[in-house]
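Per this note's numbering, the very first residue in the sequence shown carries number 48; after that it's consecutive.
Quick reminder that beta carbons are idealized off the backbone N, C-alpha and C, glycines included.
Encoded as structure tokens, the structure appears first; notes follow it.
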Amino acid sequence: MFNASVSYLDSPKLEELLELDERVLWSGAPDYGRKLFELRQNEKIVAICIAVGAVAMLLALPFVPQGGGNLTRAAWVFLTVIAMLVCLWVANALDRKLLLSNLAYFVTDRRAIIIRAQKGLFRNGDVYVVSCRHSVEFPYSIRKNHPYASLRVGTLFDKDRKRNALPDQRFDERARLRSLAPSTWTTTPVEFENVREADYLHALIRSAAQKREAT
Numbered sequence: 048m049f050n051a052s053v054s055y056l057d058s059p060k061l062e063e064l065l066e067l068d069e070r071v072l073w074s075g076a077p078d079y080g081r082k083l084f085e086l087r088q089n090e091k092i093v094a095i096c097i098a099v100g101a102v103a104m105l106l107a108l109p110f111v112p113q114g115g116g117n118l119t120r121a122a123w124v125f126l127t128v129i130a131m132l133v134c135l136w137v138a139n140a141l142d143r144k145l146l147l148s149n150l151a152y153f154v155t156d157r158r159a160i161i162i163r164a165q166k167g168l169f170r171n172g173d174v175y176v177v178s179c180r181h182s183v184e185f186p187y188s189i190r191k192n193h194p195y196a197s198l199r200v201g202t203l204f205d206k207d208r209k210r211n212a213l214p215d216q217r218f219d220e221r222a223r224l225r226s227l228a229p230s231t232w233t234t235t236p237v238e239f240e241n242v243r244e245a246d247y248l249h250a251l252i253r254s255a256a257q258k259r260e261a262t
């Protein structure tokens with residue numbers, strides 16, 4: 048079952064997105080990753096690799112042939128490479144911080160809504176809304192994540208390529224829901240990622256879905 052849709056707005060306001068008599072039950076954002084040094088697993092691995100590489104380069108310096116300024120040149124090369132890697136790592140962490148700082152989650156009595164402004168070091172301009180209607184049939188699974196769990200609130204499909212779960216993915220026009228042959232679909236889970244209240248939100252959405260089904 049595909050219960051999500053994507054819309055694009057210049058400057059989305061929540062009150063303009065809500066349907067008549069739709070009520071907001073909860074609002075929030077990722078509880079991890081919005082600060083510069085709240086590192087994700089891949090960022091931690093990269094940091095460890097840079098540290099190991101720096102140590103290995105320093106240990107290799109004594110084996111550089113002496114004379115002719117070889118040692119000085121080698122030291123500068125090593126320092127330049129390490130500095131470039133550290134700058135790239137910091138830029139990636141800063142981009143992640145800026146991106147997640149422009150992400151907001153909402154649960155209403157009808158839908159789970161994700162609003163994200165594509166703002167960061169390497170992106171700018173796009174603002175989109177992912178809207179997932181509650182359904183008693185949808186498997187609202189909880190995925191273990193570090194340090195907090197992620198709650199799956201919907202599914203998108205895309206014929207072109209499989210994308211990672213929000214908020215990592217970058218939607219474009221090809222991510223819109225369309226009438227396509229099922230054989231061309233690839234599915235993309237839509238998640239509230241790294242939220243402390245994953246269990247509470249799971250129960251809240253299931254309860255809202257059951258109430259909508261009963262009316």
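Residue range of the alpha helix (DSSP H) that includes V124: N117 to S148
Within 8 angstroms of any Cβ in chain C, is that where the Cβ of Q257 sits? The displayed structure is made up of one protein chain only, and chain C is not part of it.
Helix or strand or just coil, what does DSSP make of A250? helix
Straight-line gap, V137 to A103 (C-alpha atoms, nearest Å): 21 angstroms
Does the beta-carbon of R157 have 16 or more other beta-carbons within 10 angstroms, so that it is buried, or is it exposed? buried
In the DSSP output, which residue or residues are listed as bridge partners for L238? The residue you asked about is not Leu; residue 238 is Glu in the sequence shown. Note: E238 sits in a beta bridge opposite R199.
I'd like the span of the beta strand (DSSP E) that includes A164, first residue to last. R158 to A164
Report the residue from I160, L248, G100 and N117 whose alpha carbon sits nearest the alpha carbon of V176. I160
Could you tell me which uninterrupted alpha helix (DSSP H) segments, each at least 4 residues in length, are contained entirely in the region 65-125, listed from first to last along the chain? 88-107
Pick helix, strand or coil for R180, following the three-state DSSP scheme. strand
So, at 8 angstroms on beta carbons, what are the nonlocal neighbours of A256 in its own chain, with the 5 sequence-adjacent residues on each side left out? H181, S182, V183 and F185
Please say whether L132 and A121 have beta carbons closer to each other than 8 angstroms? no
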